[in-house]
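K.L.:
Numbering that gives the first Met the number 0 puts the last residue of the sequence shown at 205; the count rises by one with no breaks. Note that beta-carbon positions come from the ideal geometry of N, C-alpha and C, so glycine has one too. Remember, it's a predicted structure, so these values are computed and weren't measured experimentally.
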Amino acid sequence: MLGAVVTTSSMAVGGRCAYASANVGAVLTQHRTDPRLGPKMLARLREGMAPADIISGFEKTEPGLGWRQLALIDAKGQAAFFNGGNIYSICKGRVGGDCVAVGNILRNTDVVDAMVQSFEANEAQPLAERLMRAIEAGDAAGGELKQIKSAGLVVAHQESFPFVDLRVDLSPRPLQDLRFLWELYQPTAEEYVGRAVNPDGAPRAL
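1) From Met-131, Ile-104, Arg-106, pick the residue whose C-alpha is nearest to that of Val-115; which is it?
2) For Ser-20, collect the residues of the same chain with a Cβ closer than 6 Å to its Cβ; drop the 5 residues on either side in sequence, then sort them by chain order.
3) Would you say Ala-150 and Val-26 are within 8 Å of each other, going by their C-beta atoms?
4) Identify the continuous beta strand (DSSP E) that holds Arg-93 and give its terminal residues.
5) Determine the burial state of Leu-36: buried for a count of at least 16 other Cβ atoms within 10 Å of its Cβ, exposed for fewer.
6) Assign Val-196 to one of two classes, buried (16 or more other C-beta atoms within 10 Å of its C-beta) or exposed (fewer than that).
7) Using a threshold of 8 Å, state whether the C-beta atoms of Ile-72 and Cys-98 are closer than that.
8) Should Ala-120 be labelled buried (16 or more other beta-carbon atoms within 10 Å of its own) or exposed?
9) Are the beta-carbon atoms belonging to Lys-145 and Ser-170 less than 8 Å from one another?
10) DSSP three-state label for Gln-29, please.
11) Nearest CA to the CA of Asn-82: which residue from Gln-68, Arg-93, Lys-75?
Right, dumping it as structure tokens:
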């Protein structure tokens with residue numbers, strides 16, 4: 000599985016910043032976000048480019064990249080991040096074991112370290128749960144300087160559609176709401192896949 004989780008102080012972050020594709024990779028594009036960069040990064044991963052090479056190429060070709068923060072990981076676990084030189088807030092990126100974490104407008108750089116440490120410590124958990132615990136750990140370590148308002152969780156597995164795609168577009172407590180949604184969705188996630196790929200064998204809904 001490949002996935003991403005994100006939260007921020009503006010609304011509808013899940014629809015603008017996080018992307019994942021089965022057997023390809025997962026990416027984030029944030030801070031003065033350019034949503035076009037998400038599909039571009041996935042396309043280059045699909046072509047076999049290494050994450051670090053994708054970022055190097057973007058530095059030469061993408062206007063305004065100095066305002067962006069990027070993170071990407073491929074199906075092999077190779078990862079990279081980019082912090083644009085025009086980002087004026089506290090920001091950080093870190094590559095960990097099978098993960099990469101980035102943040103901006105942070106209270107402190109411990110936030111990113113806490114996310115990586117949590118992800119690495121919860122290896123026995125399903126990917127979506129590991130991602131949720133990681134971003135909750137980042138929030139507990141200080142989180143964003145501004146009040147967060149939205150959050151999103153996306154996980155790709157074997158199909159062309161997401162295994163998990165949950166979003167809280169506007170809330171005074173988006174991570175708590177996303178946790179609620181994930182815990183409701185988790186027991187049914189496989190069933191929704193089954194309904195799509197094998198409708199004749201799916202349990203009858205009441």
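P.N.:
Short version:
1) Nearest option by C-alpha distance: Met-131.
2) Same-chain partners within the cutoff: Leu-41, Ala-155.
3) No, they are not a contact pair.
4) Note, Arg-93: beta strand (DSSP E), 91-95.
5) Classification for Leu-36: buried.
6) Exposed: under 16 other Cβ atoms inside 10 Å.
7) Yes, Cβ-Cβ distance for Ile-72 and Cys-98 is below 8 Å.
8) Under this definition Ala-120 is an exposed residue.
9) Their beta carbons are not under 8 Å apart, which means Lys-145 does not touch Ser-170 by this criterion.
10) Strand.
11) Distance check between Asn-82 and each of Gln-68, Arg-93, Lys-75 places Gln-68 closest, using alpha-carbon atoms only.
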